[in-house]
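A.B. asks: My questions all concern the structure below.
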Amino acid sequence: MYEEHARSIGRLVDQKNKAYGDSFRNSGDILRILYPDGIKPEQYDDMLALARIIDKMFRIATNRDAFSENPYVDIAGYAILRSKQIEEEKKEKEIKIWR
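Shown next, in the form of structure tokens:
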């Protein structure tokens, strides 16, 4: 039961690596360029959003239409999620100032 499930996941990873290249490893290289001094705790949320966006950028560059996915929609979604998170953080800071 679990063994077959693991094989199925392995096949999917193989297919996606073939279609997109090794974006898992390459994304790390880009993050090391963006954050040469390491990632500070206050940068975690931005870094996590960037990691997902970078992965989608590799998909666009290597095989945009593989698996009937639209990486541009995914990038827009991540941008919306992070933008909303930033707005909520600003509101929380304003509330703390007024207390």
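Those letters in the sequence shown? Residues 1265 to 1363, by my numbering. Quick reminder that beta carbons are idealized off the backbone N, C-alpha and C, glycines included. In this text the structure is predicted, and so the values were computed from the model without any measurement.
Would you give the residue range spanned by the alpha helix (DSSP H) that Arg-1296 belongs to?
C.D. replies: Locating residue 1296 in the sequence shown gives position 32, where the first residue counts as 1. 1287 to 1298 is the span of the alpha helix (DSSP H), which, as asked, contains Arg-1296.
A.B. asks: Output yes or no for whether 8 Å exceeds the beta carbon distance between Gly-1292 and Phe-1322.
C.D. replies: Here the question's residue 1292 lines up with position 28 in the sequence shown. Here the question's residue 1322 lines up with position 58 in the sequence shown. No; because the gap between Cβ atoms is not below 8 Å, this pair is not in contact.
A.B. asks: The alpha helix (DSSP H) that contains Pro-1335, what's its start and end?
C.D. replies: Position 71 of the sequence shown holds residue 1335. Its alpha helix (DSSP H) spans residues 1335 to 1362.
A.B. asks: Can you tell me where the alpha helix (DSSP H) holding Ala-1325 begins and where it ends?
C.D. replies: Start at 1 with the first residue of the sequence shown, and residue 1325 comes out as number 61. Where Ala-1325 is concerned, the enclosing alpha helix (DSSP H) stretches over 1308 to 1327.
A.B. asks: I'd like to know whether the C-beta of Ala-1330 is nearer than 8 Å to at least one C-beta of chain D.
C.D. replies: Considering every chain present, this structure includes no chain D. It has just one protein chain.
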